[in-house]
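> Quick one: structure below, then a few questions.
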Amino acid sequence: MEKIGDIIESIANEKNLEIKDVKETVQTAFINTAKRMFGENYEYDAVFNETSKKIDLFQKILIVADSEYKGDSHTVSLSEAKKIDNSAEVGDELSSQIDIENYGRTASANLAKELNYHIEKLLEEKAYEKYSQKVDSLIFGNVVFIDDEETTYIEFDDLRAFMPRKNRIKDEKFKVGDVVRAVIRKVFIDKKRGVRIEISRTSPKFLEALLKSQVPEIQDGSVIVKASARIPGRRAKVALSSISPNIDPIGATVGVKGVRIDAVSKEIKNENIDVIEYSSQPEIMLSRAMAPAIISSVRIDGNKAMVHLNSDQKSKAIGKDGINIRLASMITGLEIQLVENGKQTADDNKDLVKDLKSLFG
2 MEKIGDIIES IANEKNLEIK DVKETVQTAF INTAKRMFGE NYEYDAVFNE TSKKIDLFQK
62 ILIVADSEYK GDSHTVSLSE AKKIDNSAEV GDELSSQIDI ENYGRTASAN LAKELNYHIE
122 KLLEEKAYEK YSQKVDSLIF GNVVFIDDEE TTYIEFDDLR AFMPRKNRIK DEKFKVGDVV
182 RAVIRKVFID KKRGVRIEIS RTSPKFLEAL LKSQVPEIQD GSVIVKASAR IPGRRAKVAL
242 SSISPNIDPI GATVGVKGVR IDAVSKEIKN ENIDVIEYSS QPEIMLSRAM APAIISSVRI
302 DGNKAMVHLN SDQKSKAIGK DGINIRLASM ITGLEIQLVE NGKQTADDNK DLVKDLKSLF
362 G
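So in my numbering, the last one in the sequence shown is 362, and the numbering has no gaps at all.
This is the structure:
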């Protein structure tokens with residue numbers, strides 16, 4: 002058999018893994034092979050021999066008191082153990098070395114099977130760790146397959162990600178060979194298919210990732226995307242702030258003559274992108290989110306907002322198919338009720354009654 006040390010180095014280099022991790026995986030494969038061949042009830046230990054560059058495999062047997070020894074193969078009596086090691090005591094373990102090479106093709110086949118299995122598991126684990134930290138990050142790759150359910154499969158970084166139809170912008174069509182950009186939405190391990198990476202082009206995080214790729218000020222952190230909301234392929238709103246009063250977050254993001262925002266819009270099927278300046282004051286934030294409508298006043302109670310406006314602003318506030326008010330609600334997290342100036346709600350009347358009572362006792 003080729004020296005296991007050379008095999009470990011070869012696997013580590015070929016699979017881009019740490020030698021330490023591969024070494025531990027190989028040790029596990031040896032132990033599992035021993036369990037398969039010599040019995041799972043035994044304890045085993047596998048040690049990498051730095052001198053021989055091989056794995057030394059040991060079978061452990063528990064030392065028990067002579068009165069407790071029942072003649073089984075998993076334990077040894079204290080009196081017998083002392084014949085091997087005079088310092089042996091009850092509760093200690095005796096180790097006997099096993100050389101798998103002496104057990105022929107069956108042992109080699111079992112070891113190869115265990116090695117392949119555990120290396121695959123190690124690759125899955127490392128891929129999961131790596132890409133779990135990249136959720137919401139931008140990726141791009143080539144379309145390699147589209148199944149009957151219109152799930153699009155994209156190869157990137159020697160992995161295959163999948164994009165369900167629901168994660169694709171409406172009316173968007175891809176074909177094999179297309180280069181597609183998306184964000185990682187979710188990473189998980191499927192028992193049958195290993196690491197699975199779901200990607201999306203409809204997530205607000207995709208819009209944010211595209212903005213980051215186009216706007217240097219967002220990349221370096223001087224402009225911050227505080228919130229975003231989308232109705233994919235139609236319209237979006239993005240709330241921005243800057244870390245310095247000298248930086249205009251809106252101007253930096255839009256770019257000269259709109260070149261930056263236009264590049265992002267083009268990538269997402271010409272989605273109309275409204276950029277607004279973020280405010281920590283929810284009333285101000287909501288007023289800005291309702292643009293292009295001009296708001297007279299806002300009153301917030303819990304997660305509900307009463308938005309007062311002139312009647313000629315109502316259609317603008319709602320927007321085509323209700324898109325504007327939906328996006329404003331999404332980006333602020335508030336349930337919005339529009340109130341035309343001069344028209345009072347039941348709540349307004351209750352407040353008026355309270356005020357009058359307080360005035361006149």
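Note that the Cβ used here is the ideal one computed from N, Cα and C, for glycine as well.
For Gln220, is the classification buried or exposed, using 16 other Cβ atoms within 10 angstroms of its Cβ as the cut-off for buried?
Exposed, because fewer than 16 other Cβ atoms sit within 10 Å of the Cβ of Gln220.
> For Val260, report the span of its alpha helix (DSSP H) as first-last.
260-268 is the span of the alpha helix (DSSP H), which, as asked, contains Val260.
> Assuming the contact rule is C-beta atoms closer than 8 Å, Leu63 and Gln98 should be a hit. Round their C-beta distance to whole Å, please.
Actually they do not touch by this definition, with Cβ atoms about 17 Å apart.
> For the beta strand (DSSP E) containing Tyr45, name the first residue and the last one.
Element bounds for Tyr45: 44-50.
> For the alpha helix (DSSP H) containing Val27, list its first residue and its last residue.
Where Val27 is concerned, the enclosing alpha helix (DSSP H) stretches over 20-39.
> Give the straight-line distance between the Cα atoms of Lys61 and Ser78, rounded to the nearest whole angstrom.
Going from the Cα of Lys61 to the Cα of Ser78 covers about 14 Å.
> Cα separation between Arg235 and Arg289?
Near 19 Å, if we compare the C-alpha coordinates of Arg289 and Arg235.
> One question on the structure: do Ile200 and Ala183 come within less than 8 Å of each other, judged by their Cβ atoms?
Their beta carbons are under 8 Å apart, which means Ile200 touches Ala183 by this criterion.
> Measure the C-alpha to C-alpha separation of Thr333 and Asn304 and round it to an integer number of angstroms.
Looking at the two C-alpha atoms, the distance is approximately 9 Å.
> What would DSSP say about Val299, mapped onto helix, strand or coil?
In this structure, Val299 counts as strand in the three-state DSSP scheme.
> I need the boundaries of the alpha helix (DSSP H) containing Gly252, first residue and last residue.
Here the alpha helix (DSSP H) through Gly252 covers 250-255.
> Can you tell which of Ala128, Glu336, Ala89, Phe49 has the C-alpha that lies nearest to the C-alpha of Phe157?
Taking only the C-alpha atoms, the option nearest Phe157 is Ala128.
> For the alpha helix (DSSP H) containing Met307, name the first residue and the last one.
Met307 -> not in any alpha helix (DSSP H); beta strand (DSSP E) instead, spanning 305-310.
> Would you report the Cα separation of Gln134 and Lys83, rounded to the nearest angstrom?
So the alpha carbons of these two residues sit roughly 54 Å apart.
> Just how far apart, CA to CA, sit Asp322 and Ser330?
One C-alpha to the other measures close to 14 Å.
> Please tell me whether Leu413 and Val224 are closer than 8 Å, where the distance is taken between their beta carbons.
Outside the modelled stretch of the chain, which goes from 2 to 362, sits residue 413, for which no answer is possible.
> In this structure, how does DSSP classify Gln338 when only helix, strand and coil are distinguished?
Of the three classes helix, strand and coil, the one that applies to Gln338 here is strand, per DSSP.
> Nearest to Asn311 by alpha carbon, out of Gly320, Ser298, Val276?
Of the listed residues, the one whose Cα sits closest to Asn311 is Ser298.
> From which residue to which residue does the alpha helix (DSSP H) around Glu125 run?
Note, Glu125: alpha helix (DSSP H), 105-133.
> Taking the Cβ atom as the reference point for each residue, do Val327 and Ile232 lie within a distance shorter than 8 Å?
According to the sequence displayed, residue 327 carries Arg and not Val. Yes, the pair counts as a contact, with Cβ atoms nearer than the cut-off.
> Classify Asp67 as buried or exposed, calling it buried when 16 or more other Cβ atoms lie within 10 Å of its own Cβ.
Exposed.
> Return the Cβ separation of Met291 and Val308 in integer angstroms, given the expectation that the two are a contact with Cβ distance under 8 Å.
Met291 to Val308, Cβ: 7 Å. Contact.
> Take Pro205 and list the residues in its own chain whose beta-carbon comes closer than 8 Å to its own, dropping the five residues that flank it on each side.
Ser229, Ala230, Arg231, Ala237, listed in sequence order.
> Per the DSSP calculation, Leu95 is bridged to which residue(s)?
DSSP lists Ile62 as partners of Leu95.
> In chain order, what residues of the same chain have a beta carbon less than 7 Å from the beta carbon of Ala13, not counting five sequence neighbours either side?
Answer for Ala13: Glu19, Ile20, Val23, listed in chain order.
> Report the residue from Glu150, Val27, Gln215, Phe189 whose alpha carbon sits nearest the alpha carbon of Asp46.
If we check each option's Cα against that of Asp46, Val27 comes out closest.
> Thinking C-alpha only, which one of Glu51, Gly105, Gly195, Ile56 is nearest Ala162?
Nearest of Glu51, Gly105, Gly195, Ile56 to Ala162, Cα basis: Gly195.
> What does DSSP give as the partner residue(s) for Met286 in the beta ladder?
Met286 is not bridged to any residue.
> So, at 8 Å on beta carbons, what are the nonlocal neighbours of Glu336 in its own chain, with the 5 sequence-adjacent residues on each side left out?
Taken in chain order, the residues that qualify are Asn304, Lys305, Ala306, Ser330.
> DSSP state of Ile326, grouped into three classes?
If DSSP states are grouped into helix, strand and coil, Ile326 belongs with the helices.
> In this structure, what does DSSP give as the bridge partners for Asp191?
Gly195, per the DSSP bridge assignment.
> To the nearest angstrom, how far is it from the Cα of Val180 to the Cα of Phe207?
Going from the Cα of Val180 to the Cα of Phe207 covers about 16 Å.
> Relative to the C-alpha of Pro246, which candidate in Tyr118, Glu278, Phe146, Glu125 has its C-alpha closest?
With distances taken between Cα atoms, Pro246 lies closest to Glu278.
> Please state the DSSP three-state secondary structure of Asn168.
In the structure shown, Asn168 sits in a helix (DSSP, three-state: H, G or I).
> CA-CA distance, Asn111 and Ser214?
The straight-line gap from Cα to Cα measures roughly 49 Å.
> Measuring only the C-alpha atoms, how far is Lys122 from Asn33?
Answer to the nearest angstrom: the Cα atoms are 14 Å apart.
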